[in-house]
């Protein structure tokens with residue numbers, strides 16, 4: 100599913116986690132299988148960059 104197929108009513112939040120403003124239909128993404136909304140594409144993209152940096156900094160999980 101692409102970000103273009105996401106629906107505002109499926110978002111788990113009503114306000115942007117960065118700004119606290121209402122979320123917008125053009126600023127949705129999927130995180131851990133859930134639709135998350137942001138107030139604008141800039142906030143959405145800032146979130147994606149932060150998640151990517153965080154995940155890249157995690158050490159490899161030891162094999163069981």
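Numbering (this note's numbering), first residue to last: 100 to 163. Note that CB positions come from ideal geometry on N, CA and C, so glycine has one too.
Item                                                                                                                                                              : Value
Just reading off the beta strand (DSSP E) that residue 133 is part of, what are its end residues?                                                                 : 133-136
Between which two residues does the beta strand (DSSP E) holding residue 127 run?                                                                                 : 127-130
Quick one: what does DSSP say residue 140 is sitting in, helix, strand or coil?                                                                                   : helix
Rounded to whole angstroms, what's the CA-CA distance from residue 155 to residue 149? Just pull it up for me.                                                    : 10 Å
Measuring CB to CB, does residue 128 end up less than 8 Å from residue 146?                                                                                       : yes
Note down, in chain order, each residue of its chain lying with its Cβ closer than 6 Å to the Cβ of residue 120, except the 5 sequence neighbours on either side. : 138
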